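Beneath this line is the structure, given in structure tokens, with notes to follow.
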Amino acid sequence: MSTFGRITNALVSEVNENNISLATLNFDFSLLKFDAPKEFQPLGSALSGRRRREAEEGLHYRTARRLGVLFEDLIPSTPKLIEAFGKRVFLLTSHFCFPDKFTKSMFSLDLAASVYKNLPGALDWRQPLCLYDLHPAFATIARIPIFRSPQPKALTLQEAFACVAKFESGTINLEPEDLSTALALCSEDSIFVAAVVLSDPFDTPAPNDIRRIAGNIGQPGLSILVAPQEPQIRKPSFAFNAVAHEPYGFLRENNFSGTSLHLPFTEWRFPLEASTERAIDQDVMVVESVISVLDRGKWVADLDIMGIDFEGVSRIVNICNNKDEHAGISHDPNYDYFSVDNWDELVDAPEGVGIFRAHSNWAARLAAVSIMSQKGQGHSIGVFGSNRVCFKCLEEETGFAEPHLLDHESPLPSFCID
1 MSTFGRITNA LVSEVNENNI SLATLNFDFS LLKFDAPKEF QPLGSALSGR
51 RRREAEEGLH YRTARRLGVL FEDLIPSTPK LIEAFGKRVF LLTSHFCFPD
101 KFTKSMFSLD LAASVYKNLP GALDWRQPLC LYDLHPAFAT IARIPIFRSP
151 QPKALTLQEA FACVAKFESG TINLEPEDLS TALALCSEDS IFVAAVVLSD
201 PFDTPAPNDI RRIAGNIGQP GLSILVAPQE PQIRKPSFAF NAVAHEPYGF
251 LRENNFSGTS LHLPFTEWRF PLEASTERAI DQDVMVVESV ISVLDRGKWV
301 ADLDIMGIDF EGVSRIVNIC NNKDEHAGIS HDPNYDYFSV DNWDELVDAP
351 EGVGIFRAHS NWAARLAAVS IMSQKGQGHS IGVFGSNRVC FKCLEEETGF
401 AEPHLLDHES PLPSFCID
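Here is the structure:
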């Protein structure tokens, strides 16, 4: 570049002598091209043809060459910086030399680590695991060109279960499509459960989040637990004292302390085709399991938790910005709110806004959301968080969005889970 520096100096000197503006020079310095520093030469082989053409003829690069020639003498020499960037270029381009299977296995191992980070005590593997053969366990990774993006996207819940099956067995590769209805996977003394089955409906665990419970179901090998296709809900009670629907007193209570969730099994089970050969493997069984909700030992309903549209559930969070103005004013007296204090009152829902009072009882709250969803009313559910709820603020905030309501109809969801 020193040669071009001398040319520039000569031209500028000539301009000064003749009092001519440099802008009138009709010489395009972008036409002058240089060999890249040797440290950057590996980058040329890694670029696509389009990127190489842009580097030579693109507007931005032509402008950069013009400026580089004109201001060469003002720019300090930076050999160490060029060397450092050259090393970076080498690192960016040399990864193309890694074997395809090796790199995919590394990505697979990273995704597996993201699954197991929430599974303490689940890393005592009893089977040897071949890292080289790990990537076929992840169908998504195996079908993606390795360098399309720096890293594959997060696993789905079904892929996460397939990952657990691979690590627990060391040999079994399950297709994610075969796990579309799975809610849990059992192996040895561990039960791996979808996080939504063990979480409060107000919480939002990651879609692929799995939790581990220590225990077993008495079945050898791997067992995939699936819910029945048509879970049942008990019929409404016609007892005169079962359904009261008292006016809501705006007290946050838990009136479902006798509620519990249970996991019995039906007689329905069959072996699953596993591995790439799709041979029937008796060590992988699909077992129908029913998540039942009981109230003081009495059956209420079978739940389809995996069928809940958790993204569609309204989570009600509000901060009262008018504490002084709303002090002593709980709500608009024109609106009808009713307490739901037992399961019969839930099954036979009130006409106004029902408040299911199970404060801080995640199991009862989850069961209520599931039952309402199974009844086709999932769109009308609102779930309160643990913080105080100002009904007056909620009425004011949501009232503007619901102008069609009658005077006695609250703008809140027709069924709220407290």
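In terms of full-length UniProt numbering, the sequence shown opens at residue 1 and continues consecutively. No residue lacks a Cβ here, since even glycine has one placed at the ideal position from N, Cα and C. These numbers come from a predicted model, not from an experiment.
Q) Does DSSP put L183 in a helix, in a strand, or in coil? A) If DSSP states are grouped into helix, strand and coil, L183 belongs with the strands.
(Q) As a quick exercise: from A206, R365 and H262, pick the residue whose alpha carbon is nearest that of C416. (A) R365
Q. Would P228 pass as a contact of V290 if the rule is Cβ separation under 7 Å?
A. Yes, the pair counts as a contact, with Cβ atoms nearer than the cut-off.
Q) What did DSSP end up calling V293 once you bin it into helix, strand or coil? A) For V293, the secondary structure class from DSSP, reduced to helix, strand or coil, is strand.
Q: Evaluate E83 with the Cβ neighbour count: other Cβ atoms within 10 Å of its Cβ, from every protein chain shown; 16 or more gives buried, anything less gives exposed.
A: Exposed, by the Cβ-count rule.
**Q.** Sheet register partners of P271 (DSSP bridge)
**A.** M285
Q: Spatial neighbours of I381 within its chain, please: CB distance less than 7 Å, with the 5 preceding and 5 following residues excluded, ordered by chain position.
A: Its chain contains V313, S314, V369, M372, P413, F415 and I417 as the residues whose beta carbon lies nearer than 7 Å to that of I381, once the 5 sequence neighbours on both sides are disregarded; these appear in chain order.
Q. On the three-state DSSP scale, how would you describe Y61?
A. helix
Q) Looking at C-alpha atoms only, which residue of E168, G170, T171 and D178 is the closest neighbour of E159? A) D178
Q: Kindly indicate the opening and closing residues of the alpha helix (DSSP H) around F238.
A: Taken as a continuous stretch (DSSP letters only), F238 belongs to no alpha helix (DSSP H), as it is neither H nor E.
**Q.** Reference A206; option with closest CA among V115, H379 and E351
**A.** V115
Q. D295 and T266: beta carbons closer than 7 Å?
A. no
Q) Nearest to S237 by alpha carbon, out of V193, T63 and D344? A) D344
Q) Can you list, in chain order, the residues of its chain whose CB lies under 7 Å from that of A363, leaving out five sequence neighbours each side? A) T259, S260 and L261
Q. Are the CB atoms of E168 and S187 nearer to each other than 7 Å?
A. Contact flag set, yes.
Q.
DSSP three-state label for I224, please.
A. strand
Q) So what does DSSP say about R365, is it helix, strand or coil? A) helix
Q.
So V347 and I217 are supposed to be a Cβ contact under 8 Å. How far apart are they, rounded?
A. At roughly 30 Å, the Cβ-Cβ gap does not stay under 8 Å, so V347 and I217 are not in contact.
Q. What span of residues does the alpha helix (DSSP H) with C163 cover, start to end?
A. L157 to S169
Q. Where does the unbroken alpha helix (DSSP H) through V347 begin, and where does it stop?
A. DSSP places V347 in the uninterrupted alpha helix (DSSP H) bounded by W343 to V347.
Q: Could you name the residues that DSSP lists as bridge partners for F356?
A: V340 and I417
Q: Check whether the Cβ atoms of R269 and V284 sit closer than 7 Å, and answer yes or no.
A: no
Q) Tell me which same chain residues have a C-beta within less than 7 Å of the C-beta of Y248, skipping the five on either side of it? A) Here the set comprises Y337, F338, S339 and I355.
Q: Would you kindly report the start and end of the unbroken beta strand (DSSP E) that includes G382?
A: Where G382 is concerned, the enclosing beta strand (DSSP E) stretches over I381 to F384.
Q. What residue does the beta strand (DSSP E) around L119 start on, and which one ends it?
A. Per DSSP, L119 belongs to no beta strand (DSSP E) and is neither H nor E.
Q | Contacting residues, own chain, Cβ-Cβ under 6 Å from V243 (five flanking each side not counted) | A | D344, E345 and D348
Q) Which same chain residues, not among the five before or five after L183, have their C-beta less than 8 Å away from its C-beta? A) V193, A194, V197, L225, V226, A227, S289, I291, I305 and M306
Q: Report buried or exposed for D110, applying the criterion of at least 16 other Cβ atoms within 10 angstroms of its Cβ.
A: exposed
Q. Based on the DSSP secondary-structure assignment, which residues constitute the bridge partners of H245?
A. Answer is none; H245 lacks a bridge partner.
Q) Going by other Cβ atoms of all chains shown within 10 Å of its Cβ, with 16 needed for buried, is F250 buried or exposed? A) exposed
Q. Count the other CB atoms within 10 Å of the CB of D302; is the residue buried (16 or more) or exposed (fewer)?
A. buried
Q) Are the Cβ atoms of V293 and A358 separated by less than 7 Å? A) no
**Q.** Boundaries of the beta strand (DSSP E) in which S260 is found, first to last residue
**A.** T259 to H262
Q.
N255 and residue 424 - do their beta-carbons sit closer together than 7 Å?
A. With the chain covering only 1 through 418, there is no way to say anything about residue 424.
(Q) Given this structure, state the Cα-to-Cα distance separating N19 from L74, to the nearest angstrom. (A) With a pLDDT of 41 at N19, under the threshold of 50, the modelled position of that residue is not reliable, and the figure given next carries that caveat. One C-alpha to the other measures close to 22 Å.
(Q) Beta-carbon within less than 7 Å of W299's beta-carbon, same chain only, minus the 5 sequence neighbours each way: which residues are those? (A) Answer for W299: R234 and S292, listed in chain order.
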